[in-house]
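Each residue of the sequence shown is one higher than the one before, starting from 38 at the first, in the working numbering. Written out below as structure tokens is the structure these notes cover.
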Amino acid sequence: MWNAYAQAHPEAVAASPEYTVDHFGDSKWLADELLSLVIGGRKRATADLVAEFLARGDELPRIGSHWVACDSEGNPRIIIRSTGLRVGPFTSADAAFAADEGEDDGTLASWQREHRRYFTRVSAASGRRWSEDDEIIFERFAVTWPPEHAD
């Protein structure tokens with residue numbers, strides 16, 4: 038998938054040749070659910086704890102970086118590219134970001150409820166206690182590959 042994308046978009050790859058291969062969420066069900074929202078065009082943002090990037094040994098994304106998003110079985114399905122990034126606490130999420138993330142009913146209230154659950158769960162799984170003061174990467178993205186799903 039990456040090679041086909043690189044051949045079709047050599048300038049984008051030259052500008053940001055590094056890429057991550059990963060899936061959304063922390064379970065097979067969530068990986069497929071969130072991927073379907075992206076493929077369907079509803080989800081164009083995501084949020085993750087800075088501590089999670091560090092625990093995985095991953096660099097923080099940067100504008101222009103690529104991510105090969107896989108399904109729950111590890112099959113690459115799409116390539117996304119970061120178009121906007123911001124670091125901030127939980128309370129800095131706003132209604133526009135919640136809508137762009139496209140989960141649940143798209144409201145800030147549901148974003149807060151579900152992300153409190155998610156951040157608490159993933160932090161506990163890594164032996165940490167989550168706080169609303171912890172740094173979060175708020176990322177907006179575009180789908181760049183394959184062409185039938187590209188923005």
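Heads up, the beta-carbon is just placed ideally off N, CA and C, and yes, glycines get one too. This one's a predicted model, so the numbers in the text were calculated from it and none came from an experiment.
Item to check | Exposed unless 16 or more other CB atoms sit within 10 angstroms - verdict on Lys65 | outcome: Taking the sequence shown and counting its residues from 1, the one referred to as residue 65 is at position 28. The residue is exposed, with fewer than 16 neighbouring Cβ atoms inside 10 Å.
Checklist entry - Mapping DSSP to helix, strand and coil, what is Phe61? => result For this step, residue 61 is matched to residue 24 along the sequence shown. Note: Phe61 maps to coil in three-state DSSP.
Checklist entry - Helix, strand or coil for Ile100 per DSSP? => result On the sequence shown, position 63 is the one that residue 100 refers to. DSSP places Ile100 in coil when its eight states are reduced to three.
Item to check | Bridge partner(s) assigned by DSSP for Phe178 | outcome: Counting from one through the sequence shown, the residue named residue 178 turns up at place 141. DSSP lists Ser119 as partners of Phe178.
Next on the checklist: Within the continuous beta strand (DSSP E) that includes Asp85, where are the two ends?
Outcome noted: Residue numbering aside, residue 85 sits at position 48 when the sequence shown is read from its first letter. Asp85 -> beta strand (DSSP E) spans Ala82 to Leu86.
Checklist entry - What is the rounded straight-line gap between the Cα of His46 and the Cα of Trp104? => result Here residue 46 is taken as the residue at index 9 of the sequence shown, counted from 1. Here residue 104 is taken as the residue at index 67 of the sequence shown, counted from 1. His46 and Trp104: Cα-Cα distance of roughly 15 Å.
Checklist entry - How many Å lie between Glu110 and Asp95 at the Cα? => result The sequence position of residue 110 within the sequence shown is 73, counting from 1. The sequence position of residue 95 within the sequence shown is 58, counting from 1. Rounded to the nearest angstrom, the two C-alpha atoms are 21 Å apart.
Item to check | Ser129 versus Leu74, Glu176, His186 and Asp59, residue with shortest Cα-Cα distance | outcome: For the purposes of this step, residue 129 is taken as the residue at position 92 of the sequence shown. The shortest Cα separation from Ser129 among Leu74, Glu176, His186 and Asp59 belongs to Glu176.
Item to check | Complete alpha helix (DSSP H) runs within the stretch 123-173 (minimum length 4 residues, chain order) | outcome: 132-138 and 145-162
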